[in-house]
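Heads up, the thing below is written out as structure tokens.
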Amino acid sequence: AFSTSVINFGAGPAKLPEEVLQEVQRELIHYGTTNISVMEMSHRSADYAFINDSAQQAVRDLLNVPDNYKILFLQGGGTGLFAAVPLNLISETGCADYVVTGSWSAKAAKEATKYGKVNMVLPKTDNYVDIPEQSTWNLSPNASYVYYCANETVHGVEFPFIPDTRGIPLVADMSSNILSRPVDVSKFGVIFAGAQKNIGPAGVTLVIVREDLLGKAAVTCPTVLDFTVMAKDNSLHNTPPTFLIYVMGLVFKWIKRNGGVEGMQKKAIQKSSIIYDVISSSNNFYYCPVKNSFHSRMNVPFRVGGPNGNDDLEKEFLSGAQKLGMLQLKGHRSVGGIRASLYNAVTVHNVETLAAYMKDFYQTHKE
Ligand code: PLP
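full-length UniProt numbering numbers the first residue of the sequence shown as 6 and each following residue consecutively.
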């Protein structure tokens with residue numbers, strides 16, 4: 006009853022569209038008419054300029070990025086940006102607001118304390134299951150920026166709204182939900198995303214920054230993380246991760262061919278509903294601790310065998326899934342259980358296969 010081919014539900018690095026991998030394979034040794042690989046090509050060449058510019062333009066088109074924003078391709082991953090954000094922005098007032106709704110925003114807040122004063126907007130918790138009402142948030146009047154993580158990859162908590170910061174620049178980590186839904190970029194000061202979940206291989210980070218926020222970097226900001234330098238030099242200040250930017254550009258084209266961000270959103274709603282429906286109709290055999298309105302469409306964490314999970318059942322669930330070719334379903338080591346990541350490249354059919362397995366496992370293992 007189940008598909009026998011492999012399905013990758015990994016949280017990142019994650020599944021890429023098969024068509025993109027095939028294109029990469031076809032062009033690996035001879036890119037276009039160059040007779041060399043993109044990997045071997047000068048980042049100062051006209052061919053690479055085309056790759057760089059078209060990837061930028063694709064982001065602009067897909068997200069309707071307004072003209073007063075720069076699009077950068079940096080290195081250092083999401084974690085690099087945890088430092089880059091305060092290094093570029095915090096000097097304005099020396100302080101920033103952090104909305105911590107999961108382990109990734111917690112890490113970002115901790116990193117920022119190296120560079121300035123961090124105000125925690127929400128009461129401290131390590132039980133990340135919801136997002137408190139905005140009216141209860143403790144925003145400070147003198148923050149240089151307000152930071153949040155749009156989708157918490159480990160805890161499966163996704164913002165269903167854009168925070169209102171009353172004019173203070175808003176910074177969002179969209180590493181795990183970028184290009185999975187339309188976003189009004191004009192509401193943000195900075196958006197960043199490590200590529201390795203929704204848009205490409207690990208090693209390149211997409212940054213979208215509003216121009217009026219440039220020119221404020223701390224003198225100690227490393228050049229490679231300096232938004233102003235990178236914007237001025239079109240992400241070509243030093244050698245960029247050329248091959249990764251090329252692959253990311255192919256993913257952008259694939260998204261365009263598949264209905265753009267609206268198309269991705271439609272599929273994301275459909276795919277995540279399939280799994281949440283199986284969970285909610287399992288009489289707590291499957292259990293997702295996150296409150297419904299903050300359910301992530303990208304990462305669905307759940308326990309097997311009741312709200313606290315049952316170790317033996319979870320092991321059996323994972324090995325059964327593995328035997329059927331469903332890979333990387335293990336929850337993050339900090340929370341345990343299962344996590345199904347349903348990024349753009351995961352198909353509806355892939356998710357139906359997982360849902361069928363979950364239903365079957367439930368029928369054969371319920372009390
Ligand atoms: N932010 C989010 C939401 C993530 O899921 C991750 C995960 O890997 C990171 C940041 C850290 O990114 P990196 O591993 O590229 O440093």
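The beta carbon of each residue, even a glycine, is placed where N, CA and C say it ideally should be.
Check: residue i C-beta below 7 Å from any heavy atom of the ligand PLP
i, result
"residue 445", "Absent from the model: residue 445. The displayed extent of the chain is 6 to 372, so no value can be given."
"cysteine 154", "yes"
"threonine 141", "no"
"threonine 158", "yes"
"serine 346", "no"
"threonine 106", "no"
"serine 240", "no"
"glycine 336", "no"
"serine 301", "no"
"serine 181", "yes"
"glycine 83", "yes"
"aspartate 178", "yes"
"glycine 310", "no"
"glycine 205", "no"
"glycine 199", "yes"
"glycine 17", "yes"
"tryptophan 259", "no"
Delimiting residues of the beta strand (DSSP E) encompassing residue i
i, result
"alanine 155", "Note, alanine 155: premise wrong, no beta strand (DSSP E); not H, not E."
"leucine 175", "175-178"
"aspartate 102", "100-104"
"valine 214", "210-215"
"alanine 223", "Premise fails: alanine 223 is in no beta strand (DSSP E) and is neither H nor E."
"alanine 345", "343-346"
Span of the alpha helix (DSSP H) around residue i
i, result
"threonine 247", "247-262"
"leucine 318", "316-328"
"valine 266", "265-285"
Where residue i sits in the DSSP three-state scheme
i, result
"alanine 6", "In this prediction, alanine 6 scores a pLDDT of 45, lower than 50, which makes its location untrustworthy; the coordinate-derived value is nonetheless stated afterwards. In the structure shown, alanine 6 sits in coil (DSSP, three-state: anything other than H, G, I, E or B)."
"leucine 230", "helix"
"phenylalanine 193", "coil"
"glutamate 163", "strand"
"histidine 300", "strand"
"lysine 119", "coil"
"alanine 148", "coil"
"tyrosine 291", "strand"
"lysine 202", "coil"
"lysine 364", "helix"
"threonine 369", "helix"
"leucine 241", "coil"
"alanine 236", "helix"
"isoleucine 95", "helix"
"leucine 332", "strand"
"serine 355", "Per the sequence presented here, residue 355 reads as asparagine, with serine not at that position. Asparagine 355 falls in the helix class under three-state DSSP."
"serine 185", "coil"
"methionine 125", "strand"
"valine 340", "coil"
"valine 90", "helix"
Cutoff 6 Å; reference residue i; Cβ partners in own chain excluding five residues on either side
i, result
"serine 8", "Confidence is the limiting factor: at serine 8 the pLDDT is only 46, short of 50, which leaves the residue's position unreliable, though a coordinate-based value still follows. Excluding sequence neighbours, serine 8 sits near Thr358."
"lysine 261", "none"
"alanine 88", "Glu116"
"lysine 320", "none"
"alanine 148", "Cys100, Ala101, Asp102 and Ile173"
"serine 301", "Asn156, Gly161 and Glu163"
"isoleucine 196", "Ala177, Met179 and Ile213"
Own chain residues within Cβ distance below 8 Å of residue i, not counting five before or after
i, result
"lysine 192", "Ile167 and Leu175"
"serine 110", "Tyr103, Val104, Tyr152, Tyr153, Cys154, Glu157 and Asp178"
"valine 21", "Checking the displayed sequence, the identity of residue 21 turns out to be leucine instead of valine. Counting only Cβ-Cβ distances below 8 Å, and skipping sequence neighbours, we find Gly205, Pro206, Val252, Val256 and Ala350."
"glycine 194", "Leu94, Tyr150, Pro174, Leu175, Val176, Val214, Arg215 and Leu218"
CB contact below 8 Å: residue i versus chain B
i, result
"phenylalanine 290", "In the structure shown, chain B does not exist; there is a single protein chain."
Contacting residues, own chain, Cβ-Cβ under 7 Å from residue i (five flanking each side not counted)
i, result
"valine 123", "Ala101, Tyr103, Ala114 and Ala117"
"alanine 6", "The predicted model places alanine 6 with a pLDDT of 45, which falls under 50 and marks its position as unreliable; any figure quoted below should be read in that light. Cβ neighbours of alanine 6 beyond the five flanking positions: Ala361."
"residue 4", "The displayed coordinates of the chain run from 6 to 372. Any statement about residue 4 would go beyond what the structure contains."
"serine 145", "Cys100, Asp102 and Asn124"
"threonine 39", "Met46 and Asp52"
"phenylalanine 322", "Val309, Ile343 and Phe366"
"proline 187", "Val266, Glu267 and Gln270"
"lysine 272", "Val353"
"methionine 363", "Val283 and Tyr291"
"proline 245", "His48 and Phe78"
"glycine 37", "Asp52"
"threonine 98", "Asn147, Ala148 and Ser149"
Ranges of the beta strand (DSSP E) found wholly within the stretch 53-86, counting only runs of at least 3: 74-79
Segments of 4+ residues assigned as alpha helix (DSSP H) that fall wholly inside the stretch 6-42: If we require 4 residues or more, the alpha helix (DSSP H) runs fully inside the stretch 6-42 come out as 23-32.
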